[in-house]
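Notes for the one structure printed next.
In the numbering used here, the protein residues as written are 66 to 435.
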């Protein structure tokens with residue numbers, strides 16, 4: 066996305082970067098810029114900036130020479146988005162860089178069906194408050210800041226132009242009488258396919274174990290059905306000693322198992338997914354046995370119309386946006402943990418044949434259902 070802004074010296078072309086591979090080279094400089102603005106931004110751990118880039122929740126502005134001139138960090142959970150930081154280089158302040166960044170965030174959130182976006186701004190930051198006010202962010206309440214500075218925080222909210230039932234009611238008041246609420250569809254619970262790393266998270270009591278355990282609990286509550294792939298059993302057998310008993314292998318053999326798809330359709334899916342999930346190694350002809358095994362899990366989940374493939378495999382999660390565009394994956398809400406439904410901590414990427422979705426929530430979590 067290109068555009069021009071006028072500085073006191075000249076007209077400068079600005080590009081907005083939104084793709085992870087474009088943004089990653091700038092993360093270090095963004096972290097340094099934020100550290101110089103701690104009075105305004107407060108403190109974020111170093112890893113947080115990597116997480117924002119990884120989750121596609123960082124937009125970067127660069128000039129024609131690819132120098133960093135601004136960035137914004139955003140996130141939130143439906144129905145309200147959040148702006149965490151917006152920064153412009155001192156040489157470009159007052160020239161519209163921040164406005165362009167925020168307008169792009171607003172566009173992204175509206176496309177994702179968010180209804181509003183929030184920015185918390187310290188009341189003593191006059192320029193920042195003016196900036197958000199000019200964009201239409203209204204102060205809906207105040208709250209106390211941290212004890213160190215004793216600040217007051219203005220909670221500013223902008224209502225987005227996302228279509229809603231209220232818009233429908235205003236535009237079509239006579240049609241409200243015929244608006245009905247459909248009863249929940251009866252049927253089997255959605256099918257989720259487990260990756261081996263999720264099983265290990267539980268059996269080896271890893272840091273992601275509690276999140277993985279919630280998936281298991283959802284199955285016991287009949288909210289979802291769980292299965293593994295035939296490839297998962299083969300994967301365990303490759304790493305098990307024949308003369309010893311492997312409890313994880315025995316557990317896997319007791320779980321419902323999806324068959325491998327026919328060779329013709331399986332090969333077609335493999336060829337497509339390999340370039341999406343492992344592009345470099347595929348082009349270099351260096352796919353490993355483990356890579357092919359990971360792809361077979363995805364192939365089986367897609368072929369069997371599973372609602373989701375649950376994994377913490379970083380390569381699969383990094384490919385989420387490409388999988389979204391290639392297979393038409395949509396966006397869904399997080400489920401409330403109190404409803405004893407599936408609680409997703411990071412990214413939710415589902416197969417293109419079931420209920421589709423990709424959702425992110427917050428910084429620092431590294432477990433996902435894909």
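Think of the CB as a built atom: it goes at the ideal place given N, C-alpha and C, for glycine as much as any other residue.
Taking 4 residues as the shortest admissible run, the region 115-163 contains no complete alpha helix (DSSP H) segment at all. Between residue 122 and residue 140, the CB-CB gap stays under 8 Å. Between residue 296 and residue 384, the C-beta spacing is not below 8 Å. In the pairwise beta carbon analysis, the region 83-97 is classified as not touching the region 181-188: fewer than three pairs are separated by under 8 Å.
Each residue's CA atom was taken as its position, placing residue 114 and residue 262 some 25 Å apart.
Ranked by Cα distance from residue 205, the options 193, 129, 221 are led by 221.
The DSSP-derived three-state label of residue 179 is coil.
Secondary structure remark: continuous beta strand (DSSP E) runs of at least 3 residues inside the region 268-322, in chain order: 290-294. Shown here for residue 88: same chain residues with a beta carbon closer than 7 Å to its own, the five before and five after excluded, namely 82, 118, 123, 125 in chain order. Taking 8 Å as the cut-off, the beta carbon of residue 134 is found closer than this to the beta carbon of residue 154. In chain order, 266, 267 place their CB closer than 7 Å to the CB of residue 274, counting only its own chain and leaving out the 5 sequence neighbours on each side. If you draw a straight line from the Cα of residue 319 to the Cα of residue 216, it is about 58 Å long. Comparing alpha carbon positions, the residue from 151, 171, 85, 116 closest to residue 106 is 151. Taking a C-beta distance under 8 Å as the contact criterion, residue 193 and residue 210 do not qualify as a contact pair. The beta carbon of residue 326 is closer than 7 Å to those of 364, 365, 368 in its chain, skipping five residues each way along the sequence.
Looking from the CA of residue 227, the closest CA among 195, 169, 177 belongs to 177.
In this structure, residue 358 sits near residue 300, with a CB-CB distance shorter than 8 Å. The continuous alpha helix (DSSP H) containing residue 106 extends over residues 103-106.
If you look at residue 195, you'll find it in the alpha helix (DSSP H) that goes 191-199.
Contact between residue 128 and residue 79 holds, since their C-beta atoms are separated by about 6 Å, short of 8 Å. Of 132, 377, 159, the smallest CA-CA separation from residue 271 is found for 377.
Bridge partners of residue 187 according to DSSP: 218. If you look at residue 325, you'll find it isn't in any beta strand (DSSP E); DSSP assigns it neither H nor E. Sixteen is the threshold: when 16 or more other Cβ atoms of the shown chains lie within 10 Å of the Cβ of residue 343, as they do, the residue is buried.
Assignment of residue 347 by DSSP, reduced to helix, strand and coil, places it in the helix class. Here DSSP, grouped into helix, strand and coil, assigns residue 90 to helix. Residue 97 carries a helical assignment under DSSP once its states are collapsed to helix, strand and coil. If you draw a straight line from the Cα of residue 350 to the Cα of residue 287, it comes to about 43 Å. For residue 225 against residue 169, the beta-carbon gap comes to about 13 Å, at or over 8 Å, which does not count as contact. Within the same chain, and ignoring the five residues on either side of residue 346 in sequence, the residues whose Cβ sits closer than 6 Å to its Cβ are 352. Annotation: the continuous beta strand (DSSP E) that includes residue 259 extends over 256-259.
The beta carbon of residue 136 sits closer than 6 Å to those of 95, 125, 152, all from its chain and outside the five residues before and after it, given in chain order. The Cβ atoms of residue 201 and residue 223 sit closer than 8 Å to each other. By the neighbour-count criterion, in which 16 or more other beta carbons inside 10 Å mark a residue as buried, residue 165 falls on the buried side. CA-CA distance, residue 282 to residue 213, rounds to 42 Å.
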